[in-house]
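See below:
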């Protein structure tokens with residue numbers, strides 16, 4: 001696919017924006033693509049829902065906003081209810097069943113993966129939930145190489161935290177590839 | 001002003017993107033405004049320069065990109081050289097003299113404040129340089145209230161780090177108000 005239109009949504013504190021920044025950087029710096037990543041804040045932000053858009057393309061990007069994502073990740077019921085209607089028909093909708101009960105009205109490939117549960121079982125640190133989600137997304141879509149995510153992490157987080165992040169990415173990759 | 005068009009630029013690791021996210025959140029959650037904050041990655045990102053755009057408005061925002069900022073912050077010479085030509089004539093250009101030597105060709109109000117030096121003298125932690133920059137910007141422009149920045153920090157960073165961040169914000173405010 002020449003162009004990926006992605007929306008990550010959830011609540012403040014789930015690391016949705018950080019995950020979006022990591023994904024965009026990885027695609028650009030280590031895979032030679034172009035990317036724009038943005039947050040729109042407004043009434044939704046005041047209510048607690050967070051949305052971050054990522055556009056990744058081989059060619060230059062002119063309009064920086066995602067209208068209809070072909071990939072939507074929703075990590076809370078509120079964000080699922082708000083954003084699932086905008087998904088491109090036939091798109092991929094990734095949720096965590098701990099937080100989201102899937103509706104039936106949306107024309108999309110729904111994938112529910114127990115990312116939070118696996119992170120808590122294996123790593124016991126909710127802070128890497130967002131990295132597990134990135135792993136799951138890459139396992140499902142092959143959007144970019146997992147190594148590119150690891151390289152971004154290596155340049156942005158302290159070395160002591162790399163093990164935990166690598167484990168979370170691997171957990172997600174395994175979940176995504178098996179789905 | 002109904003609409004502020006802001007660009008933060010520098011190099012990876014200076015906290016430019018984090019500062020942009022904090023500013024946008026503060027404006028929306030604690031001041032009732034609308035905001036869009038974005039990063040464009042591409043050739044520039046591969047070379048190490050980081051740019052983050054923030055649009056803050058009382059009314060709804062339709063086009064999410066900043067074409068001509070009325071406020072530009074440049075924290076490296078490379079980012080200054082790259083982005084100073086796009087500033088709106090008569091706009092505000094904030095730099096740190098440790099990193100940037102100002103050129104003369106740009107129609108803007110140049111303000112050079114020794115933010116990095118003051119942070120290292122008083123706090124000795126370069127990690128809060130970006131918060132000092134936010135303080136300086138607010139001291140200069142009264143864009144939003146400093147308390148709104150502190151409230152965002154309180155919900156996003158561990159309590160142990162609040163003192164250091166508050167000090168950095170105050171250092172910046174004093175520099176900006178005295179300029």
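Residue numbers (the working numbering), protein chains in the order written: chain E, 1 to 179; chain S, 1 to 179.
For each residue, glycine too, the CB sits at the ideal point set by N, CA and C.
Item, Value
"Does the stretch 69-77 of chain E come close enough to the stretch 99-109 of chain E to have 3 or more Cβ pairs within less than 8 Å?", "yes"
"How about residue 66 of chain E: is its C-beta nearer than 8 Å to some C-beta of chain S?", "no"
"Quick test of the definition: if touching needs 3 or more C-beta pairs under 8 Å, does the stretch 142-154 of chain S touch the stretch 25-32 of chain S?", "yes"
"I need the straight-line Cα distance from residue 66 of chain E to residue 157 of chain S, nearest angstrom please.", "29 Å"
"May I ask whether a heavy atom of the ligand NAP can be found less than 7 Å away from the beta carbon of residue 80 of chain S?", "The ligand NAP is not among the ligands present in this structure, which contains no ligands whatsoever."
"Roughly how many whole angstroms lie between the Cα atoms of residue 131 of chain E and residue 86 of chain E?", "24 Å"
"Runs of 3 residues minimum, wholly inside the stretch 29-78 of chain S: which ones carry the beta strand (DSSP E) assignment?", "34-41, 49-57, 71-74"
"Inspect the beta-carbon positions of residue 64 of chain E and residue 89 of chain S and report whether they are closer than 8 Å.", "no"
"Does residue 25 of chain E come within less than 8 Å of chain S when only Cβ atoms are used?", "yes"
"When you compare only the Cα positions, how much space is there between residue 101 of chain S and residue 37 of chain S?", "27 Å"
"I need the straight-line Cα distance from residue 173 of chain S to residue 35 of chain S, nearest angstrom please.", "22 Å"
"Check the DSSP bridge columns for residue 8 of chain S and list the partner residues they point to.", "S:52, S:73"
"If you compare alpha carbons, which of S:20, S:84, S:3, S:121 is closest to residue 137 of chain S?", "S:20"
"Which residue marks the beginning of the alpha helix (DSSP H) containing residue 152 of chain E, and which one marks its end?", "146-156"
"Would DSSP call residue 111 of chain S helix, strand or coil?", "strand"
"Checking contacts by CB at 8 Å: is residue 4 of chain E closer than that to chain S?", "no"
"Mind listing which residues of the stretch 75-88 of chain E have their C-beta closer than 8 Å to chain B's C-betas, in chain order?", "Although the question refers to chain B, the structure presented lacks it and instead comprises the protein chains E and S."
"Measuring only between beta-carbons, confirm whether residue 34 of chain E sits less than 8 Å from chain S.", "yes"
"Within the same chain, show all residues whose beta-carbon is closer than 7 Å to that of residue 80 of chain S, passing over the 5 residues directly before and after it, in chain order.", "74, 95, 100"
"CA-CA distance, residue 41 of chain S and residue 169 of chain S?", "28 Å"
"Residue 11 of chain S and residue 143 of chain S look like a contact to me (Cβ under 8 Å); what is the Cβ gap, rounded to whole Å?", "24 Å between Cβ atoms; not a contact."
"DSSP puts residue 95 of chain S in a beta bridge; with which residues?", "S:74, S:112"
"Among the candidates S:167, S:76, S:163, S:7, whose CA atom is the shortest distance from the CA of residue 200 of chain S?", "Here chain S has residues from 1 to 179 only, and residue 200 of chain S is not among them."
"Output the boundary residues of the alpha helix (DSSP H) element that contains residue 167 of chain S.", "162-178"
"Which same chain residues end up closer than 8 Å to residue 167 of chain E when comparing Cβ atoms and leaving out the 5 residues on each side of it in sequence?", "122, 123, 128"
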